[in-house]
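Residue numbers (full-length UniProt numbering): 1 to 148.
The beta-carbon is built from N, C-alpha and C at its ideal position, and this holds for glycine as well.
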Amino acid sequence: MAPSPSPDSRPAAVLDEAAETRIVHAVFPGDTNHYHTLFGGTALEWMDQAAFICATRWCRTKVVTVRTSEIDYKHPVPEGTIVELIARIADTGTTSLTVRVDMFIEPMDEHDRTLACTGQFTLVALDDQDDPTPVPGPASATQDEPQS
Numbered sequence: 001m002a003p004s005p006s007p008d009s010r011p012a013a014v015l016d017e018a019a020e021t022r023i024v025h026a027v028f029p030g031d032t033n034h035y036h037t038l039f040g041g042t043a044l045e046w047m048d049q050a051a052f053i054c055a056t057r058w059c060r061t062k063v064v065t066v067r068t069s070e071i072d073y074k075h076p077v078p079e080g081t082i083v084e085l086i087a088r089i090a091d092t093g094t095t096s097l098t099v100r101v102d103m104f105i106e107p108m109d110e111h112d113r114t115l116a117c118t119g120q121f122t123l124v125a126l127d128d129q130d131d132p133t134p135v136p137g138p139a140s141a142t143q144d145e146p147q148s
């Protein structure tokens with residue numbers, strides 16, 4: 001397999017697109033507790049998956065979650081709602097990055113949207129030997145692309 005180009009050599013538009021991931025779920029009975037609301041653990045699992053995909057698209061290498069923080073359950077998520085998770089790169093370090101995930105709920109029969117849960121996920125990029133490897137920094141995403 002050919003080596004990937006250096007992460008910092010990618011065009012700004014590619015980095016900008018990779019900086020955000022959106023995932024949509026429907027909340028079914030199997031996802032809920034005896035109150036007919038989404039299990040907190042299921043919400044956390046979905047948020048971690050969104051953070052993982054966002055970080056993977058940013059780094060294009062193996063990443064692992066090493067920390068979750070500031071998980072704030074703001075509103076119950078009822079059975080029968082649509083959930084949208086929006087994961088966005090919040091910060092980058094040398095070998096790690098922080099992804100903020102917001103979970104919104106939408107009733108299936110209304111246009112309302114409510115922020116239900118937020119959280120921060122720290123992930124570390126790994127090379128083929130499972131050693132930490134550098135990630136693209138935020139400066140890359142702010143560089144202007146040449147106009148054609």
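| Check | Outcome |
| --- | --- |
| List the whole-angstrom C-beta distance separating LEU38 from ILE71, where the pair is believed to meet the contact cut-off of C-beta under 8 Å. | The pair is not a contact, with the Cβ atoms about 14 Å apart (cut-off 8 Å). |
| Should the stretch 125-137 be called in touch with the stretch 74-81, which here means at least 3 C-beta pairs below 8 Å? | no |
| Can at least three beta-carbon pairs, one atom from the stretch 54-72 and one from the stretch 16-30, be found at a separation below 8 Å? | yes |
| Who are the near neighbours of ASN33 in its chain, counting only those whose CB is closer than 7 Å to its CB and skipping five residues on each side? | PHE39 |
| Using the rule of at least 16 other Cβ atoms within 10 Å of the residue's Cβ for burial, across every protein chain shown, is PRO136 buried or exposed? | buried |
| Rounded to whole angstroms, what is the Cα-Cα separation between LEU126 and GLU110? | 43 Å |
| Between the alpha carbons of HIS36 and ALA26, how many angstroms are there, rounded? | 13 Å |
| So, for ARG67: in the same chain, excluding its five sequence neighbours on each side, which residues have a beta-carbon less than 6 Å away from its beta-carbon? | THR122 |
| Excluding the five sequence neighbours on either side, which residues of its own chain have a C-beta within less than 7 Å of the C-beta of ASP102, listed in chain order? | ILE86, LEU115, THR118 |
| Looking at the secondary structure, which residues open and close the beta strand (DSSP E) in which GLU45 lies? | Looking at the DSSP string, GLU45 is not in any beta strand (DSSP E); the run it does join, the alpha helix (DSSP H), is 40-59. |
| Check ASP128 in the structure and name its three-state DSSP category. | coil |
| If you draw a straight line from the C-alpha of VAL63 to the C-alpha of ILE105, how long is it? | 28 Å |
| Where does the unbroken alpha helix (DSSP H) through PRO138 begin, and where does it stop? | 138-142 |
| Apply the 10 Å Cβ neighbour rule to ASP48 and answer buried if 16 or more other Cβ atoms are within range, or exposed otherwise. | buried |
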